[in-house]
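Numbering-wise, the sequence shown is residues 9 to 212 according to the numbering used here. The next block holds one structure in the form of structure tokens; read it before the comments.
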Amino acid sequence: MKRPRLFLKTPSSARERAVFSHGEDGEAGDVGCIVDAAGCSQAEKEPLEARSSFQTDPDALIARVAELYAWIDTELEADPNLAGKCQGCGQCCNFEAYDHRLFVTTPELLYFQHRLNTRPVRTMTGGTCPYQEQNRCTIHTFRFAGCRIFCSHGCEEFQGALTERVLTRLKALCVEFELPYRYMDLKAALKMLEEKEWVQSIAH
Ligand code: SF4
Ligand code: SF4
Numbered sequence: 009m010k011r012p013r014l015f016l017k018t019p020s021s022a023r024e025r026a027v028f029s030h031g032e033d034g035e036a037g038d039v040g041c042i043v044d045a046a047g048c049s050q051a052e053k054e055p056l057e058a059r060s061s062f063q064t065d066p067d068a069l070i071a072r073v074a075e076l077y078a079w080i081d082t083e084l085e086a087d088p089n090l091a092g093k094c095q096g097c098g099q100c101c102n103f104e105a106y107d108h109r110l111f112v113t114t115p116e117l118l119y120f121q122h123r124l125n126t127r128p129v130r131t132m133t134g135g136t137c138p139y140q141e142q143n144r145c146t147i148h149t150f151r152f153a154g155c156r157i158f159c160s161h162g163c164e165e166f167q168g169a170l171t172e173r174v175l176t177r178l179k180a181l182c183v184e185f186e187l188p189y190r191y192m193d194l195k196a197a198l199k200m201l202e203e204k205e206w207v208q209s210i211a212h
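In structure tokens form, the structure reads like this:
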């Protein structure tokens, strides 16, 4: 099954990595995210520069991401046949076994960190999302856009088109809040959140 861009098949060659890092359409503004063997790119290891109106009004960004997620859910509910009905088996959250990866973006990570509040970030030590427990998502209410859109029983064209619309809106949020746009593998993103105190560097 062809995955929408927020959920992509695990790359197996340099060419595929390049495609995945910049988006299938080579669209300008997609920040490179070539993941090395350790699951973390050089770009991801560099601190993100804070230059943002997010600093002065972080709640506004949080509210906008919540709105975007609500909009995604509405779009999915409007076309249940195309969106697909998840059976809740949890298999697609085991990225290694399912042979795909989840990509997340800057606004989503800020929202995720906000919703975690004081809970520590879990890093991915195996092939499964660390937020899955007993085949269930423990952060269901604030799961990422890709988690909302991808369904193994859905229409891939529908999911792909919705993904592109969502990425456009996420990029627009980065422009509006003067945040660096990042589009990165969940494993690398969680590692960065844990190690670099990334949110704090942006917020202060
Ligand atoms: S989307 Fe498909 S694979 Fe993923 S949890 Fe739902 S039924 Fe299982
Ligand atoms: S955040 Fe939840 S839905 Fe998304 S991959 Fe992790 S466990 Fe699965």
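The beta carbon of each residue, even a glycine, is placed where N, CA and C say it ideally should be. Keep in mind it's a predicted model, so treat the numbers as computed, not measured.
DSSP on residue i, reduced to helix/strand/coil?
i      : result
Asp87  : coil
Met132 : coil
Give a single yes or no on whether residue i has its beta carbon closer than 8 Å to a heavy atom of ligand 2.
i      : result
Arg151 : yes
Gln140 : yes
Thr146 : yes
Cys2   : The structure shown does not extend to residue 2, since the chain is modelled only from 9 to 212, so the question has no answer here.
Leu201 : no
Cys182 : no
Give the straight-line distance between the Cα atoms of residue i and residue j, rounded to the nearest whole angstrom.
i      : j      : result
Thr171 : Ile157 : 7 Å
Cys41  : Pro66  : Its pLDDT being 29, under 50, Cys41 is placed unreliably in this model, and the value from its coordinates should be taken loosely. When rounded, the distance between both Cα atoms is 25 Å.
Val39  : Gly96  : Bear in mind that a pLDDT of 30 at Val39, under 50, signals an unreliable position, so the number given afterwards is only what the model happens to contain. Taking the straight line from one Cα to the other gives about 32 Å.
Leu118 : Glu104 : 25 Å
Arg123 : Ala196 : 19 Å
Trp206 : Gln63  : 13 Å
Phe166 : Ala91  : 7 Å
Asp193 : Glu141 : 20 Å
Cys159 : Glu202 : 28 Å
Phe120 : Leu110 : 14 Å
Can residue i be considered in contact with ligand 1, in the sense that its beta carbon sits closer than 8 Å to one or more heavy atoms?
i      : result
Cys101 : yes
Gln95  : yes
Ile191 : It should be noted that the sequence gives Tyr, not Ile, for residue 191. Checking the Cβ of Tyr191 against ligand 1 gives no.
Gly154 : no
Count the other CB atoms within 10 Å of the CB of residue i; is the residue buried (16 or more) or exposed (fewer)?
i      : result
Pro88  : exposed
Ala78  : exposed
Ala153 : buried
Ends of the alpha helix (DSSP H) at residue i?
i      : result
Arg123 : 114 to 124
Tyr191 : Tyr191 -> not in any alpha helix (DSSP H); beta strand (DSSP E) instead, spanning 191 to 193.
Glu172 : 164 to 184
Ile157 : 153 to 157
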